[in-house]
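The block underneath contains the structure these notes are about, expressed in structure tokens.
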Amino acid sequence: MRYFGWLLILFLSGCTENLTQKNHIVIGENKPIQSTFTPKEARLKLSYEKPYLLFFFSKTCGACKEAIPYLNELAQSFQGEVEIIGILGGSSRSDNDIAFLNQHDVRFKVISDPQSTEYFSKAVGGVYGVPLFAFFSSDGKEMKRFLGLVPKSLLEETLKTIRPNEF
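Count the sequence shown with UniProt numbering and you get residues 1 to 167, in order.
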């Protein structure tokens, strides 16, 4: 029985460690994004020292494709202040992902590795539909979330509220 208790502790600590600290490959970039997830505090801190938006999307989602052009514009407008990071779900081959991103002229950072997409999905409490826009402060606290296609103006106003110079 004593050994079972130790095995259970090791198993549970291994499960929580899977969400603690990770490196995530960004398509087309050499430097990975580092993340630290603290489940007790529900904080998802990234290696950037600034607020960020996670955009969960898929290749087959029409609404997601409609959001890409205005996310490109917002990424440009808020460059240096807020990071916009796409989490491309349902992916299995990076060559196909690169072709999709080029076809749709995606200009923000995108992560498509299945392990990373699962990590981010778990860290936000699950993704039950796309597009999903999850806004985070620079210290990793989720500030706001929208499910479904929302107007560019709403995303822009939300980004303005999480910028560091707005605190």
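The C-beta atom is built at its ideal place from N, Cα and C for all residues, glycine as well.
Mind the definition here: the stretch 26 to 41 touches the stretch 68 to 77 only if three or more C-beta pairs lie below 8 Å; say whether that holds. no
Should Lys152 go down as buried or exposed, given a rule of 16 or more other Cβ atoms within 10 Å for buried? In the sequence shown, residue 152 corresponds to position 152, counting from 1. By the 10 Å Cβ count, Lys152 comes out exposed.
Pull up the distance between the alpha-carbon of Phe133 and that of Phe55, whole angstroms please. One-based indexing of the sequence shown puts residue 133 at position 133. One-based indexing of the sequence shown puts residue 55 at position 55. Each residue's Cα considered, the two are about 5 Å apart.
Given a cut-off of 8 Å on the beta-carbon distance, is the pair Leu53 and Ala123 in contact? For the purposes of this step, residue 53 is identified with residue 53 of the sequence shown, where counting begins at 1. For the purposes of this step, residue 123 is identified with residue 123 of the sequence shown, where counting begins at 1. A distance of 8 Å or more separates the beta carbons of Leu53 and Ala123.
Those runs of the beta strand (DSSP E) which lie wholly inside the UniProt domain "Thioredoxin" (25 to 164) and span at least 3 residues: 33 to 38, 43 to 46, 52 to 57, 83 to 88, 109 to 111, 132 to 136, 142 to 147
In whole angstroms, what is the alpha-carbon distance linking Arg145 and Leu159? Here residue 145 is taken as the residue at index 145 of the sequence shown, counted from 1. Here residue 159 is taken as the residue at index 159 of the sequence shown, counted from 1. Spanning the two alpha carbons is a distance of roughly 12 Å.
Could you give the distance in angstroms between the alpha-carbon of Asn23 and the alpha-carbon of Pro32? Here residue 23 is taken as the residue at index 23 of the sequence shown, counted from 1. Here residue 32 is taken as the residue at index 32 of the sequence shown, counted from 1. Their Cα atoms are separated by approximately 6 Å.
Chain-order list of residues whose beta-carbon lies under 8 Å from that of Ile84 (same chain, five-residue window excluded): Looking up residue 84 in the sequence shown gives position 84. Cβ neighbours of Ile84 beyond the five flanking positions: Tyr52, Leu53, Phe55, Leu71, Leu74, Ala75, Phe78, Phe108, Lys109.
Cβ pair Leu155, Thr117 closer than 8 Å: Taking the first residue of the sequence shown as 1, we reach residue 155 at position 155. Taking the first residue of the sequence shown as 1, we reach residue 117 at position 117. No, these two residues do not count as a Cβ contact at 8 Å.
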